[in-house]
Structures are given as structure tokens and as C-alpha cells.
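Every number in our numbering is 76 more than the matching position in the sequence shown, counting from 1.
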Amino acid sequence: MTQYVFDKDNFRFRQVTTSIGHVLWRAVKWLVASFSLAALFYVIVSLFISTDTERQLARENRAYERNYAAMQERLKLVEENLSGLELRDDAIYGEIFHTRAPQVDPVGSIAMPVDGEEVPENNVVAYTERKTRSLSATAAQVDSQFLHVFAKMAGKGFRMPPMRMPLEGLTYAQTGAGTGNRLSPFYKVEVPHNGLDLIAGQGESVFAVADGTVRDVIHSGKGLGNVVEIDHGNGYVTRYGHLADITVSKGQKVSRGRKIATVGISGNSFAPHLHYEVLRDGTPVDPVNYLFAALSPKDYANVAFMAASTEQSLD
Numbered sequence: 077m078t079q080y081v082f083d084k085d086n087f088r089f090r091q092v093t094t095s096i097g098h099v100l101w102r103a104v105k106w107l108v109a110s111f112s113l114a115a116l117f118y119v120i121v122s123l124f125i126s127t128d129t130e131r132q133l134a135r136e137n138r139a140y141e142r143n144y145a146a147m148q149e150r151l152k153l154v155e156e157n158l159s160g161l162e163l164r165d166d167a168i169y170g171e172i173f174h175t176r177a178p179q180v181d182p183v184g185s186i187a188m189p190v191d192g193e194e195v196p197e198n199n200v201v202a203y204t205e206r207k208t209r210s211l212s213a214t215a216a217q218v219d220s221q222f223l224h225v226f227a228k229m230a231g232k233g234f235r236m237p238p239m240r241m242p243l244e245g246l247t248y249a250q251t252g253a254g255t256g257n258r259l260s261p262f263y264k265v266e267v268p269h270n271g272l273d274l275i276a277g278q279g280e281s282v283f284a285v286a287d288g289t290v291r292d293v294i295h296s297g298k299g300l301g302n303v304v305e306i307d308h309g310n311g312y313v314t315r316y317g318h319l320a321d322i323t324v325s326k327g328q329k330v331s332r333g334r335k336i337a338t339v340g341i342s343g344n345s346f347a348p349h350l351h352y353e354v355l356r357d358g359t360p361v362d363p364v365n366y367l368f369a370a371l372s373p374k375d376y377a378n379v380a381f382m383a384a385s386t387e388q389s390l391d
């Protein structure tokens, strides 16, 4: 290969012959140098310069690391509460269905970290998703089983227990004394209290908690005052006391959710409220145990706590 090179000493161009191999060698060296510089530049950028996505992921990882200890403590608290709820469920199922509550462990289907075990940062999200899916699937399975059981029982003439709230829009703060010995506001001594006090304004509507037949309507100025009793079949009777206006009559059939009366202060009532009782085969039982299907788990727990901890009744 021939090329011309300027000779500065003689101040003229002179002809120089270069081999093809020499040219190729120079090209190879240029390419190697270029790739080496590009690789070095990439390494520097990767080590010292972070992208927006990398910075966001780093912040999320730091947040997960800070919150993980708190999440473990909350998980332990949930497990302890679940153990207490299982005992409560057994009591409820034994009273209503005469059987033990289904033994469902919502967190038993996935591997849970034990004390000292750590979940890698990059697995926290996946671990939470698996836990959420497992809980949702378990809840759906339980709902499906309940619907199946109730459908089977309905086909055999079974009537649902009284599981509706007798008042609408009730909050747990309106829950008064439950069953047991309670302090009488009139005599200042403990007396048996066979129902649940539900605090409400005078004139608020009272509803039948299940289908049934009005067994008795009582108008009185003593005791529970104006009372409605409804027979729901299967040995269940509900009693509503201290009523004002009564809108049903003895022997009348009523459906679940029908208005039967209004809240009043009749009889020995310290303040306007509804005295609500549930009887099974003639024996008073705790009405709170029949409200779990009408309330959210949180509201039900609060109602149960208020009923158990309120020492003075309103009648």
C-alpha cells in the first residue's frame, strides 16, 4: 500500500510504502483501545452513578429494613389474638351449633419466620403477597363452607338463629351491660341481668332479628315495661324490652328486619335504651354470641368488651 508523507527536512513529499498487515494491526489496536475505554467508562458509571430506579429501590429496601422488626411484633400480637378468638369461637359454636368451631389456621399454610429468622430484603414483598393470598383464600373457603351448610340446613326446614342487630347504625360505644350479675341503678346492688343493653335515642326503630311469630306483646309500667317476644323456631325466642310504640300484635308473623317497635323508657328504665334478650329452649343466653355475623370482627370484639366490662345495667 503506497502513501505520501511530507518530509520536513527536505521540505517535500516522499513516497512511503506500507504493508496491509501493518494497517490492520493499527486498526486492531485502535478498536481494542476504544472498547477498553468504553468498558472502563461503563464500570465507572455503574459504580458511582445511580439511576432514578436504583435510588428508589434503595430507599424501599431501607424502609423495609426499618419496618421489619415492627412487622414481626405485630405478627406475634395477631397470633396471640387469634388464639383468644379460637377459644371464643368454640364457646359461640358450642352454644349455637352444638359443635366446635372449625379449626382453621389462616397462617399455617405458608412458612412463617421464627424468632431470629430474617426475611431477605428482596423477598419481603413476595412474602407479604403470599401471606395475603393465603388469608384471602382461607376466608373465601370459610365463607363458601358456611353458605353450603346453611343451604343444606334450609332445605331441611332449618331456620337461622337470630343473628341480626335489633337496631341499625349501632356503634360499640352504644353497648351497655351484658348478661350476668350487674349493679342495679335503682337499688345499688347486684341483680341478675339476662340481656344486653343497647343505648339509643327514644323513638328509634327496633327490628326483628330473624323470621318468626310474635309470641307475646306486653304493656306494663314495671320491670321491662312494654315488651315484644318473638318465637323464631328451633327453640329460639327473642325479647325486646322498655319499648315505646309497638307496631306488631300477638300471633303476627314477622320477617327478618321488620320494624316491630320503637325505643322507649317504659318500666324500670334508667334511660332510653333497648333491653335485648335471646332465649334458647326457655333459658336466657348471651345475646352477644349471636351478633358475630352482623358485625365486623373489630366491631364485634369491641361490643363483646363493652358488654363484659360495663358493671351497671340501665334497668
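Glycine included, C-beta positions come from ideal geometry on N, C-alpha and C.
Whole angstroms is fine: what's the gap from residue i's alpha carbon to residue j's?
| i | j | result |
| --- | --- | --- |
| Glu136 | Arg142 | 10 Å |
| Leu107 | Gln132 | 37 Å |
| Gly252 | Ala202 | 44 Å |
| Glu130 | Gly245 | 49 Å |
| Lys298 | Glu305 | 16 Å |
| Met236 | Glu149 | 40 Å |
| Asp362 | His269 | 10 Å |
| Leu151 | Arg209 | 16 Å |
| Thr323 | Tyr376 | 29 Å |
| Asp307 | Thr204 | 48 Å |
| Ala134 | Tyr144 | 15 Å |
| Asn365 | Arg138 | 45 Å |
| Tyr263 | Asn344 | 11 Å |
| Pro373 | Glu155 | 15 Å |
| Leu100 | Ile120 | 30 Å |
| Ile294 | Ser220 | 41 Å |
| Ala103 | Tyr118 | 23 Å |
| Glu266 | Met382 | 18 Å |
| Lys105 | Ala115 | 15 Å |
| Gln425 | Lys207 | Outside the shown range of the chain (77 to 391) lies residue 425, about which nothing can therefore be said. |
| Leu45 | Pro360 | There is simply no residue 45 to check, as the chain begins at 77 and stops at 391 in what is shown. |
| His224 | Ala384 | 33 Å |
| Ala146 | Tyr140 | 10 Å |
| Ser112 | Asp128 | 27 Å |
| Ala369 | Ser331 | 18 Å |
| Leu392 | Gln250 | Within the shown structure, residues of the chain are numbered from 77 to 391, placing residue 392 beyond reach of any answer. |
Assuming residue i is part of the beta strand (DSSP E), what are its boundary residues?
| i | result |
| --- | --- |
| Asp321 | 312-322 |
| Ile18 | Missing from the structure shown is residue 18; the chain here goes from 77 to 391 and no further. |
| Phe283 | 281-283 |
| His295 | That residue, His295, is in no beta strand (DSSP E); it is neither H nor E in DSSP. |
| Asp273 | 272-275 |
| Arg258 | 256-259 |
| Asp307 | 302-309 |
| Val265 | Where Val265 is concerned, there is no enclosing beta strand (DSSP E), given that its DSSP letter is neither H nor E. |
Pick helix, strand or coil for residue i, following the three-state DSSP scheme.
| i | result |
| --- | --- |
| Ile172 | For Ile172, the predicted model reports a pLDDT of 47, less than 50, meaning its position is unreliable; a value from the coordinates is still stated below. Three-state result, Ile172: helix. |
| Gln388 | strand |
| Lys207 | helix |
| Val154 | helix |
| Tyr144 | helix |
| Arg356 | strand |
| Asn344 | coil |
| Asp128 | helix |
| Val364 | helix |
| Lys105 | helix |
| Thr251 | strand |
| Leu350 | strand |
So, under 8 Å CB-CB, residue i and residue j are touching, yes? Tell me the CB distance rounded to an integer number of Å.
| i | j | result |
| --- | --- | --- |
| Gly279 | Ala213 | Incorrect: roughly 46 Å between the Cβ atoms, too far for contact. |
| Leu350 | Val290 | Contact flag wrong, Cβ pair sits at about 17 Å. |
| Thr314 | Val354 | 6 Å |
Could you tell me the boundaries of the alpha helix (DSSP H) in which residue i lies?
| i | result |
| --- | --- |
| Asn378 | 373-385 |
Verify whether the separation of the beta carbon atoms of residue i and residue j is less than 8 Å.
| i | j | result |
| --- | --- | --- |
| Ala286 | Pro348 | no |
| His318 | Gly340 | yes |
| Phe346 | Leu390 | yes |
| Leu311 | Arg240 | Checking the displayed sequence, the identity of residue 311 turns out to be Gly instead of Leu. Their beta carbons are not under 8 Å apart, which means Gly311 does not touch Arg240 by this criterion. |
| Asp292 | Lys329 | no |
| Ile336 | Ala284 | yes |
| Ser342 | Gly288 | no |
| Tyr352 | Pro261 | no |
| Gly271 | Thr255 | yes |
| Leu259 | Glu387 | yes |
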